[in-house]
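Following: one structure in structure tokens, then a few remarks.
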Amino acid sequence: MTFVTRLTLQSGDRAALDGIVEDIKDTAERKGAALKGPHSHPPEKLSVPQRCRLHADDDRRFSSWEYTVFTRELEIHGHDNLARNIASQNFPDSVHIEAEVEQIHGAGRGN
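The following block contains the structure:
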């Protein structure tokens, strides 16, 4: 039985995100882990409206706050300890990481 750890990293700081992804790739390569990715998603442009006041009757607004979110996905096959160590690292506040673990059963094995 093998575990696949899917890491999704997001950031508005593309340079920081790409630096973290390169570090993960280098670490996986040194440890001999099977790594798929990084898979890049199209940048997501977001816009947040900003009101001038909190009062509900006041419709005045500042210009919207606009920003871009960059996303990279990686998969680590096996090497559970490596995946756990990577997912538990202290990343910069500008980088958000999510880890999803999936258990894969070998072909021909019944449950």
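For the record, in the sequence shown the residue sitting at position 101 is 101 according to the UniProt record's numbering, with numbers rising by one throughout. Idealized CB from N, CA, C, for every residue including glycine.
Where do the N-terminal and C-terminal ends of the beta strand (DSSP E) with residue i fall, by residue?
i	result
L54	Where L54 is concerned, there is no enclosing beta strand (DSSP E), given that its DSSP letter is neither H nor E.
A99	95 to 104
Within this structure, are the beta carbons of residue i and residue j separated by less than 7 angstroms?
i	j	result
P43	S64	no
I76	T5	yes
L17	I97	no
Have a look at the options and flag the residue whose alpha-carbon is nearest the alpha-carbon of residue i.
i	options	result
E73	H39, R60, D26	H39
residue 135	E29, D58, S94, E22	The structure shown does not extend to residue 135, since the chain is modelled only from 1 through 111, so no value can be given for it.
Does residue i pass the burial test, meaning 16 or more other C-beta atoms within 10 Å, or should it be called exposed?
i	result
I104	exposed
F70	buried
L35	buried
L54	exposed
Requested in this report: Determine, using beta-carbon pairs with one atom in the stretch 83 to 94 and one in the stretch 53 to 62, whether at least three such pairs fall under 8 angstroms.
Outcome: no
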